[in-house]
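Just below is one structure, and these are the notes that go with it.
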Amino acid sequence: MDLNVVKTFITAAEFNHFRKAAERLFISQPTVTVHIKQLEKELGVILFERDGKKIKLTEAGISYLQHAKRLIEIYEEGISDLQSFSQGYTTTLKMAISPLIADNVLPFVLKQYLETHPQVEISVEIIESAEIEKAVLEERVDIGLSCLPCFSPELEHTLLFSDKVIMVAPHDGRDFESAPPLEEEDLLASNYLLTHNHPAYWDELCYTIKQFYPKTRMMRVSQTHITKRFIAEGLGVSYLPSSSVRRELLEGRLLEVETNAFPMPEAKTFAITKYQHKTQKEFLRFLSRFRV
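This is how it looks when you write it as structure tokens:
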């Protein structure tokens, strides 16, 4: 099968128009028509039907479109793998990583790994933890690093780290050693509580906080790095994994607040895999050497 013909079909399906497909592909419109007829003859089905000046996919065309796209993806992946091999890489590792993990743990770990594994080519996709399981299940990536465990029976998850959650408040300029300690109850009474910046623990934590401090005002902020910025600007307080605010605490931009009213949750990091081939196993062994 001529892959140029398949690409023409995909482009024509995208535009529902042979002329626009020809312009995108830098070929003539008659060539597009020839390609489509050639593919229809090879498949034994009609792929397009006329709709006025435009065209639209038939049921057979709709059915074949996803297969055609996958065919091109496999071809392009093969070319990419060969190019990587020619550049000295002998294997690839595709990872999906949550924004929180990518911001806190990944840069240092990846630097160390690449220095000791120069033959491995790594690609990183940053996606939310809730979407990582699907990415691994569909084999778009080899490993997922997520704040959530997986639930599919086809996948495995391994607990990598457990991180304590702490209350964080803005630095108000006081002398930390001589000033009276900040009180959790006072802070929640006078500030918004910035919530749901972590996918695992907030629903239960919000319920618990309301039991102890029913007048707490809450504001959802979905990203940890934005939450930290809001806290530093005096817009509220939050409960965050300690590793995510380590630098801000050391630099004095944020303050940790002692909490005793109820037990704090833990923020966990999981590795999710469908297969554990040699490269995946080696990376997970390497990752297990680090602690947040």
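Going letter by letter, the sequence shown gives residues -14 to 277 in my numbering.
Think of the CB as a built atom: it goes at the ideal place given N, C-alpha and C, for glycine as much as any other residue.
Between residue i and residue j, what straight-line distance do the alpha-carbon atoms span, to the nearest angstrom?
i        : j       : result
Pro134   : Tyr186  : 13 Å
Gln51    : Glu170  : 56 Å
Ile(-5)  : Lys54   : 7 Å
Ile111   : Ile86   : 9 Å
Thr254   : Gln208  : 16 Å
Ser108   : Ile128  : 11 Å
Thr101   : Leu95   : 10 Å
Lys41    : Ala(-2) : 7 Å
Phe93    : Ile257  : 20 Å
Asp148   : Arg231  : 12 Å
Val(-10) : Ile64   : 18 Å
Phe0     : Ile12   : 15 Å
Ile59    : Gly37   : 35 Å
Under the DSSP definition of a beta bridge, which residues are partnered with residue i?
i      : result
Ile128 : Met80 and Thr258
Glu279 : A question about residue 279 goes unanswered here, because the residues of the chain that appear run from -14 up to 277.
Glu34  : Lys41
Tyr177 : Arg202
Thr143 : Ala256
Leu28  : In the DSSP output, where bridge partners are listed per residue, Leu28 has none listed.
Kindly list the residues whose CB is nearer than 8 Å to the CB of residue i, restricted to its own chain and excluding five residues on each side of it in sequence; keep chain order.
i      : result
Ile216 : Val153, Ala154, Pro155, Leu179, Val222, Ser223 and Leu239
Sorted by chain position, which residues of the same chain lie with C-beta nearer than 7 Å to residue i's C-beta, five sequence neighbours on each side aside?
i      : result
Tyr198 : Glu170 and Leu173
Asn176 : Gly221 and Val222
Shortest alpha-carbon distance to residue i belongs to which of the options?
i      : options                              : result
Leu130 : Asp(-13), Leu269, Glu62 and Leu(-12) : Leu269
Leu24  : Phe271, Pro166 and Asp(-13)          : Asp(-13)
Thr143 : Gly37, Lys259, Arg205 and Ile12      : Lys259
Lys283 : Glu62, Ile194, Ser13 and Asp148      : The structure shown does not extend to residue 283, since the chain spans only -14 to 277, so no value can be given for it.
Gln196 : Ala246, Arg214 and Asn176            : Ala246
Leu145 : Gln14, Val30, Leu272 and Ile64       : Leu272
Thr31  : Ile59, Ala7, His210 and Thr43        : The sequence shown places Ile at residue 31, rather than the Thr named in the question. Among Ile59, Ala7, His210 and Thr43, the Cα nearest to that of Ile31 is on Thr43.
Phe275 : Leu91, His181 and Met204             : Leu91
Ordered along the chain, which non-local residues of its own chain (more than five positions away) have a Cβ less than 6 Å from that of residue i?
i      : result
Ser83  : Ser114, Ser131 and Cys132
Met249 : Val150
> Three or more beta-carbon pairs under 8 Å between the region 212 to 223 and the region 149 to 156, yes or no?
Replying inline: The region 212 to 223, when compared against the region 149 to 156, does touch it at the 8 Å Cβ threshold.
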